[in-house]
Each structure stands twice: as C-alpha cells, then as structure tokens.
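So the mapping is simple: the numbering used here equals the position in the sequence shown, first residue as 1, plus 62.
For every residue, glycine included, the Cβ atom is placed at its ideal position computed from N, Cα and C.
Please read all numbers here as calculations on a predicted model, not as lab measurements.
Notes for the one structure printed next.
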Amino acid sequence: MNRIFSGVQPTGNLHLGNYLGAIRNWARLQDQYDCIYCVVDLHAITTPQDPSELRANTREVTAGLMAAGIDPKRNIIFNQSRVSGHAELAWVFNCVARLGWLNRMTQFKEKAGKHRDNATVGLYAYPTLMAADILLYKATHVPVGEDQKQHLELTRDIAKAFNSMFGTEFFPMPEPLILGAARVMSLRDGSKKMSKSDDSDYSRINMADDADSIALKVRKARTDPEPLPESTDGLEGRTEAANLLGIYGALADKTVQQVCEEFAGKSFSQFKLQLIDLAIAVLAPIGHEMKRLSEDPGHVDQVLSDGADRATQIATPILSDVKKVVGLT
Ligand code: TRP
C-alpha cells in the first residue's frame, strides 16, 4: 500500500511560493494516494514562537490546505503535537541516529548560523523528529522540496539503522516524490526567494490575498525595460522577468518556453494584464475560502481533532510494535 506523508510548518503568511512549491502538489496527490498532511507545530517551536501566534498560524495553515482543495475527509489533516507518538518515536530515533549524521545537516548549519552554542537541542534534533513523522505511519512516499532532500535521506538512514540494529524489516524505505515545483522569487528582487518574513508585503502574493491586492502586487512587481523574449535563452540575467514568466507558467501549467512563445515581443505591461487575470482566477477563490474559514475557527479545529483521531488510529499499532521490537514492552 502506498501512503503519502508530508509536513508544513505553521509559520503564517502562506504565500505563492508555498502554494506552487508544495501545497498545490499535495492537493493533486490526493487522487492517487492515501495522504497524511501534518501541520508540524513541534518543529515550529525549535525556534522561539509567540504562543498565540503559533495557535493562530496552525489554524491559518490548516485553512490554507483546505482552501487549496485538500479534502480533509479523503485525507488526514492534523497538527503534529496532538499525536504523542511523534515525540515518542523521535526519542527512540535519537537513540539510533548518530551525532555524525546530524552534524552534516546543512539546514541546521544555516539556521543556527554563527551562534551554534545558542541553538536549541530541538533545532539540532529536528531531523530525527521529521523521521519519526514519516515512519510513525510507515509512509512510502514523501513529497519534498529540494531543501528537505537531505532530511529524507537521513530518514532512510535511520530506518535502515533501526532495521539492522534489531534484525527486522520493520520500517519501509520512504521514497522522495520530487514534483515539478516552481521556485518563486520575491516580486521586488528576483534574486531573493519569496518569503513570509520580507518586510515588504509587495514582495509576495499571499494565499489569503483578495483579487485587488493580487492585481496591485502584480502591477507593482519589478520588471526590466526589454520586451518578452521568444525563448528561455533570452531570460539569461533577467531574474525579475524570469520569475514572472515562471509564475505564469506554473499557474497555467505550461513550461516557461511555452510562455515565452506565447508572449514573444510583447511588453511587460501587456503581459502583466494577462498574469493578473490568471493569478486572480487561480488564487482569489483560495483567498476567499481562507477568509471564510478564518471566520469559522470551530470548523478548522474540528478538522484538526478529527484528523488527529484518525492519525492516532494508524500510529498506535505501529508505535506499539516499535516498543516491542526495542524491548520497552
Ligand atoms: N521539515 C519540513 C519543512 O520545513 C516539514 C516537515 C516536517 C516534513 N516533517 C515532515 C516534510 C515530514 C515532509 C515529511 O519543510
């Protein structure tokens, strides 16, 4: 049986990069797989979080997943901290994974920066918790972006080490699902990734934006004075142009080459009108639904608790087998 697991941090300000990079793909996978989508609040607290913001962000991200078309009845949507098995299995994995393996994790090095002694133990152990997320459900496939590939490799190393330590074939090796994900850059600076933490809201299109804000942000997006090229070769060194064409292509499900052919020789003001129409057609209904859900937090909470109950039903027998294998029961 194939089972998908993936996680998203409750960081708030979900934007077009999150949508095109992950969430849209998650919605597409629900037709082919049993999917478990987890809002990873335990991962969020590896760096300091304001408690009331964390609570609000967990709801916002859940609403974003639902608004993007992920059906909480056909799939499981829940937040990580409600299923205690994640933390329990992570501890077992802390006793399987080696310091040397974690020392190689580039995300920790980036996030901890120069102040490594000041990073939390949780930030360091982040990958063992992620391994527990996946293996607690014996997930077979994990949709991940480029930045999480190393963590998935580590998950496989942990599964392999656990199996060989205890002489079993207990855990399957989860496979990455690398889906054609667009890399979306800031609308103000084509060399920076679109980010929730950019000071300027004009740098990003939020999933919760309404049609007027989408139009305004696209209109104000930085471009260059040249017309649109007839092929991708003409995008060399033109980061802002490449970004807008990439966004158009991702929203229209076309390659950037096809978009170039469609708009060759046109000016950016002409192109932007089309981009505005397309972005509004795809994103405004999502923003609208997120707003509706934000006014109905009881419903979102219900989805999370129902999801947690169903996740628990899958996780409980697996965790209990782990405890037997290890000799804890
Ligand atoms: N670390 C992932 C990220 O920041 C989120 C995540 C947590 C995850 N657990 C996971 C992704 C399990 C895939 C599978 O994007």
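Please return the same chain residues whose Cβ sits closer than 7 Å to the Cβ of residue i, not counting the five positions on each side in sequence.
i	result
I132	W88, A89, Q92, Y99, I139
I59	The displayed coordinates of the chain run from 63 to 391. Any statement about residue 59 would go beyond what the structure contains.
P238	V204, V206, K211, L214
Q319	S293, T294
I52	Absent from the model: residue 52. The displayed extent of the chain is 63 to 391, so no value can be given.
D358	none
E150	L381
Determine the closest residue to residue i out of the options, with distance taken between C-alpha atoms.
i	options	result
V158	M256, L216, R117	L216
S262	D272, K282, A314	K282
Y310	V280, K176, L381	V280
L185	T378, K173, T391	K173
I380	P110, K255, L198, L76	L198
T73	S253, K385, V102, M352	V102
F155	P134, T182, H105, I220	I220
A346	I107, L313, I376, V318	L313
A270	A201, A341, L241	A341
D339	T391, D272, Q319, T285	D272
I107	L78, S143, K135	S143
N137	V384, D371, T391, S382	D371
Q94	Q210, S331, E351, H203	H203
P287	G207, T301, Q336, Q320	T301
K200	P134, H148, A244	H148
T317	L164, L104, G242	G242
V183	F233, D383, L239, P110	P110
D315	N141, V344, E150, A377	V344
V365	D209, L337, N141, G162	N141
S331	T285, R354, A373	T285
E208	P234, F233, I240	I240
L116	E150, N75, G369, S146	N75
S382	Q336, S356, S146	S146
L355	N119, Y264, D179	N119
Report yes if the C-beta of residue i is less than 7 Å from at least one heavy atom of the ligand TRP; otherwise report no.
i	result
S68	yes
I46	Only positions 63 to 391 of the chain appear in the structure, and residue 46 is not among them; the question remains open.
D195	yes
Q71	yes
Q111	no
V206	yes
H105	yes
V101	no
Q210	yes
M192	yes
H213	yes
Go ahead and label residue i buried or exposed: buried means 16 or more other beta carbons lie within 10 angstroms of its beta carbon, across all protein chains shown.
i	result
P236	buried
G299	exposed
K334	buried
H177	exposed
R160	exposed
L191	buried
P134	buried
S68	buried
Q375	exposed
G360	exposed
G252	buried
G162	exposed
Beta-carbon within less than 6 Å of residue i's beta-carbon, same chain only, minus the 5 sequence neighbours each way: which residues are those?
i	result
D96	R65
A152	T190, L191, A194
R266	H77, M256
T391	K385
K254	S248
A181	A174
A244	L82, G308, A312
A277	I338
E351	A129
Within the same chain, show all residues whose beta-carbon is closer than 8 Å to that of residue i, passing over the 5 residues directly before and after it, in chain order.
i	result
V388	V154, F228
D363	R121
V70	N80, A84, I85, Y99, C100, V101, V102, V123, L127
H105	G69, Q71, Q142, Y188, L191, M192
E231	N225
K353	A270, D272
L297	P291, A303, A304, L307, V318, C322
Do the segment 291–307 and the segment 245–254 meet, that is, are 3 or more Cβ pairs less than 8 Å apart? Result yes; three or more Cβ-Cβ pairs closer than 8 Å.
Validate contact between the segment 64–83 and the segment 317–333 using beta carbons, cut 8 Å, 3 pairs: Flag = no, the segment 64–83 and the segment 317–333 do not touch.
| message | When you compare the segment 285–292 with the segment 221–229, are there three or more beta-carbon pairs, one atom per stretch, that lie closer than 8 Å? | response | With a cut-off of 8 Å, the segment 221–229 and the segment 285–292 do not count as touching, because too few Cβ pairs lie within range.
With a cut-off of 8 Å, do at least 3 Cβ pairs link the segment 117–129 to the segment 161–169? They do not touch, by the three-pair rule.
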